[in-house]
Amino acid sequence: MNILSEIAGSLERGEDDRVDALVRQALEERCAPLEILNQGLIAGMDVVGEQFRRREIFLPDVLLAARAMYVGLDLLKPLLAQEGVPSAGRIVLGSVHGDLHDIGKNLVGIMLKGAGFEVMDLGADVPAARFVDAAQEHGASVIGLSALLTTTMPVMKEVVELVRARGLAGRVKVIVGGAPVSEAWAREIGADSHGYDAANAVERVRALVAGRA
Amino acid sequence: MRERVVWTPADSRPERAEVLRLQGVPPEPGLPPRIGALVEAALAAYLELAEPRALVGGISREEFREVYRGEGRNAPETPLEAIFAGAERLALFTATVGSGVTARIRDLFGRNEPALAAMLDSVASAAADRLTALLGSLYPALNGGASANGTRVLAYSPGYCGWHVSGQRALFAFLDPGEIGVTLNASCLMEPLKSVSGVLVAGPARIHRFAPAFPFCPECREKPCHERIASLSRP
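From first to last, the protein sequence lines stand for chains A and B.
Each residue of the first sequence is one higher than the last, beginning at 2 in the working numbering.
Each residue of the second sequence is one higher than the last, beginning at 1391 in the working numbering.
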């Protein structure tokens, strides 16, 4: 088994100390950081994501793997930045204004990072304009909005309208999610996509970035 | 009747099985040791940080009708209208596990401990639900005496079963639970986050039974009515 497969396997088992040691070893052995990222960390997270979708493993397993992913990513990030390697995409994420729930949003962020996306997490209780400002400032192609209350869902519509008003429609896509949020609501407010859960949100964001949605 | 109730964290400690259910993990046996260790760590954090307490206030059927009407945003037809019409007694309640648990959850996410953070979140959610159940069993005593044979006390909350979440405003205006540290923001969200509120309905078991076939039922993911109605079959 080569070291990249070992990294992926250790990540799948949530062995963060082992991932740390293997990534350091791979760098010492002159593996390219991008290769370690794609064939080690992201390959491992892809397996974890697939197992989770098939219900072979559970949320805690995914989150333990994510912790291991972050450990490896922290080592690679400065090197990838030096080499100017682009991420899978840049996403602005947050819970909308008035909503302090952030667990669901955090899980989506973790899964997106695990899939190689760069995530700008604005936190909770985020006003509509801040999402759009952040997308423009960071050159993000997707805005992810989370709401757990029916009373805060209208803020999602404000964001969609603001994206249009600033002439960003098409370049900046909006995906919405949260317990009371449905596909029908996404269509009604003109959002580009709806994520049913964290794993589904990653698939949808991938499709948005690839221009398939 | 207006009573403040304070519990120890151990009183409100949820069952492991309920925490695992919220995490989407099948019940034991066969639980991987690393997940078992996470549950235990989250339960230990809960016992260290929780400050469970509640406020319960009696309310007449007429007064509750006004509270329930709220801002007029309920579904056109809801099960609770028929349920509270047949109630023997009603009480509004707010219960919370306190702010320390929520702060620790955020801290854990910030420190790259998402698995423990999410597990503690599930522990706190299960504990908040447990407080509601504890209040249901305490209610006859709080209300000054035994209930009639066959009386069951079940809780219903704004945001579920057609009771619009904006109903929280009227509920908070009547109960005023600031004294136990629970407030409502402009979006009708309670702070601390791991808090529950609603109405305790005491009455014969039959009034609590309804068919979940209302227009809003298909969109409901949590389906709290299933467990509530199932509980009526247990002693």
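Quick reminder that beta carbons are idealized off the backbone N, C-alpha and C, glycines included.
None of the values given here were measured: they were computed from a predicted structure.
Neighbour-count burial assignment, residue i, 16 or more Cβ in a 10 Å radius
i	result
His139 (chain A)	exposed
Gln26 (chain A)	exposed
Pro1567 (chain B)	buried
Ser1527 (chain B)	exposed
Asp1519 (chain B)	buried
Pro79 (chain A)	exposed
Asp18 (chain A)	exposed
Arg68 (chain A)	buried
Thr1398 (chain B)	exposed
Gly1593 (chain B)	buried
Ala192 (chain A)	buried
Glu1626 (chain B)	Outside the displayed range of chain B (1391 to 1625) lies residue 1626 (chain B), so it cannot be described from this structure.
Phe1417 (chain B)	It should be noted that the sequence gives Pro, not Phe, for residue 1417 (chain B). The residue is exposed, with fewer than 16 neighbouring Cβ atoms inside 10 Å.
Arg1494 (chain B)	buried
Lys174 (chain A)	buried
Asn3 (chain A)	exposed
Arg31 (chain A)	exposed
Arg1501 (chain B)	exposed
Val156 (chain A)	buried
Lys1613 (chain B)	exposed
Val1487 (chain B)	buried
Pro1404 (chain B)	buried
Arg1479 (chain B)	buried
Ala1434 (chain B)	exposed
Ser1623 (chain B)	exposed
Ala185 (chain A)	exposed
Ala1516 (chain B)	buried
Gly117 (chain A)	buried
Identity of the residue in the options nearest residue i by Cα
i	options	result
Arg1496 (chain B)	B:Gly1488, B:Leu1561, B:Gly1540, B:Asp1511	B:Asp1511
Gly179 (chain A)	A:Leu150, A:Glu29, A:Leu38, A:Leu169	A:Leu150
Leu123 (chain A)	A:Ala116, A:Val72, A:Val133, A:Gly115	A:Val133
Arg1618 (chain B)	B:Ile1597, B:Pro1504, B:Phe1606, B:Pro1466	B:Ile1597
Met1391 (chain B)	B:Ala1407, B:Leu1544, B:Ser1450	B:Ser1450
Gly143 (chain A)	A:Lys158, A:Val120, A:Gly50	At residue 143 (chain A) the sequence reads Val, which differs from the Gly that was named. Of the candidates A:Lys158, A:Val120, A:Gly50, the one whose C-alpha sits nearest the C-alpha of Val143 (chain A) is A:Val120.
Leu65 (chain A)	A:Glu189, A:Gly145, A:Arg14	A:Arg14
Pro1466 (chain B)	B:Val1396, B:Glu1430, B:Gly1552, B:Gly1490	B:Gly1552
Phe1604 (chain B)	B:Asn1464, B:Arg1624, B:Tyr1436	B:Asn1464
Val127 (chain A)	A:Ala135, A:Lys158, A:Gly95, A:Ala136	A:Gly95
Glu1606 (chain B)	B:Leu1506, B:Thr1468, B:Pro1442	One point to set straight first is that residue 1606 (chain B) is Phe, not Glu, in the sequence displayed. Checking every option, the nearest Cα to that of Phe1606 (chain B) belongs to B:Thr1468.
Cys1425 (chain B)	A:Glu159, A:Leu60, A:Gly168, A:Ile190	First, the residue type needs correcting, since residue 1425 (chain B) is Ile and not Cys in the sequence shown. Nearest of A:Glu159, A:Leu60, A:Gly168, A:Ile190 to Ile1425 (chain B), Cα basis: A:Leu60.
Ala1576 (chain B)	B:Pro1442, B:Phe1562, B:Ile1570, B:Glu1569	B:Phe1562
Leu1343 (chain B)	B:Tyr1546, B:Ala1514, B:Ala1400	Lying before the first or after the last residue shown, residue 1343 (chain B) is absent from chain B, which here runs from 1391 to 1625.
Val177 (chain A)	A:Gly105, A:Arg56, A:Gly115	A:Gly105
Leu81 (chain A)	A:Glu57, A:Ala33, A:Arg167	A:Ala33
Leu1544 (chain B)	B:Cys1610, B:Pro1422, B:Cys1615	B:Cys1615
Pro181 (chain A)	B:Cys1610, B:Ala1432, B:Ser1623, B:Thr1541	B:Cys1610
Leu163 (chain A)	A:Ala130, A:Gly117, A:Leu76	A:Ala130
Leu1498 (chain B)	B:Ala1431, B:Gly1476, B:Ala1472, B:Pro1530	B:Ala1431
Ala141 (chain A)	A:Gly115, A:Leu169, A:Met46, A:Glu159	A:Leu169
Glu29 (chain A)	A:Phe118, A:Leu76, A:Arg188, A:Arg207	A:Leu76
Leu1521 (chain B)	B:Ser1587, B:Val1572, B:Val1491	B:Ser1587
Pro1625 (chain B)	B:Pro1608, B:Gly1447, B:Ala1508, B:Arg1542	B:Arg1542
Beta-carbon proximity list for residue i, same chain, < 6 Å, skipping 5 on both sides
i	result
Gly99 (chain A)	Thr153
Gly41 (chain A)	Leu5, Ile8, Ala9
Val72 (chain A)	Asp17, Val20, Asp21
Ala1560 (chain B)	Val1457, Gly1460
Gln1558 (chain B)	Pro1548, Leu1574, Cys1578
Leu1445 (chain B)	Arg1394, Thr1484, Pro1567, Ile1570
Ala136 (chain A)	Val93, Ile144, Val173
Glu1581 (chain B)	Thr1573
Any C-beta of chain C under 9 Å from that of residue i
i	result
Pro87 (chain A)	In the structure shown, chain C does not exist; the protein chains are A and B.
Residues of its chain near residue i, where Cβ-Cβ distance is below 8 Å and the 5 sequence neighbours each way are ignored
i	result
Glu1453 (chain B)	Phe1564
Asp232 (chain A)	Lying outside 2 to 214, the shown extent of chain A, residue 232 (chain A) is not represented and no answer is given.
Leu35 (chain A)	Leu81, Glu84, Val86
His1554 (chain B)	Gly1460, Glu1461, Arg1463, Asn1464, Ala1465, Pro1548
Ala1477 (chain B)	Arg1451, Val1591, Ala1592, Gly1593, Ile1597
Beta-carbon contacts of residue i that lie in its chain and below 7 Å, excluding the five residues immediately before and after
i	result
Ala200 (chain A)	Gly50, Phe53, Arg54, Met112
Leu209 (chain A)	Val143, Lys174, Ile176, Asp193, Ser194
- Relative to chain B, which residues along the segment 109–128 of chain A have a C-beta separation below 7 Å, given in chain order? Ile111
- Task: With 7 Å as the C-beta to C-beta threshold (strictly closer), list the residues of the segment 64–81 of chain A near chain B in chain order.
- Result: Leu64, Leu65, Ala67, Arg68, Tyr71
- Task: Quick one: which residues of the segment 1456–1490 of chain B get their C-beta closer than 8 Å to a C-beta of chain A? List them in chain order.
- Result: none
- Message: Can you pull out the residues from the segment 50–65 of chain A whose beta carbon lies closer than 7 Å to at least one beta carbon of chain B?
- Response: Phe59, Leu60, Pro61, Leu64, Leu65
- Task: Give, in chain order, every residue of the segment 1409–1424 of chain B whose Cβ lies closer than 9 Å to some Cβ of chain A.
- Result: Leu1410, Gln1413, Gly1414, Val1415, Pro1416, Pro1422, Arg1424
- Task: Scan the segment 178–198 of chain A for residues whose Cβ lies nearer than 7 Å to a Cβ of chain B and list them as they occur along the chain.
- Result: Ala180, Ser183
- Residues in the segment 1495–1519 of chain B having any Cβ partner in chain A nearer than 8 Å: Ile1495, Arg1496, Phe1499, Asn1502, Glu1503, Pro1504, Ala1505, Ala1507, Ala1508, Met1509, Asp1511
- Item | Those runs of the alpha helix (DSSP H) which lie wholly inside the segment 1479–1539 of chain B and span at least 4 residues | 1489–1500, 1504–1532
- Query: Going along the chain, which residues of the segment 1562–1593 of chain B sit with their C-beta nearer than 8 Å to a C-beta in chain A?
  - Reply: Asn1575, Ala1576, Ser1577, Cys1578, Leu1579, Glu1581, Leu1583
- Message: If the cut-off is 8 Å on Cβ atoms, which residues from the segment 14–27 of chain A count as contacting chain B, listed in chain order?
- Response: Gly15
- Task: Check distances from the C-beta atoms of the segment 1426–1437 of chain B to those of chain A and list, in chain order, the residues that come in under 8 Å.
- Result: Leu1428
- Using a Cβ-Cβ cut-off of less than 7 Å, give me the residues of the segment 1610–1623 of chain B that come near chain A, in sequence order. Arg1611
- Task: Give the residues from the segment 1545–1559 of chain B that approach chain A closer than 8 Å (Cβ to any Cβ), ordered along the chain.
- Result: Gly1549, His1554, Val1555, Ser1556
- In chain order, each beta strand (DSSP E) run of at least 3 residues that lies wholly inside the segment 105–130 of chain A: 119–122
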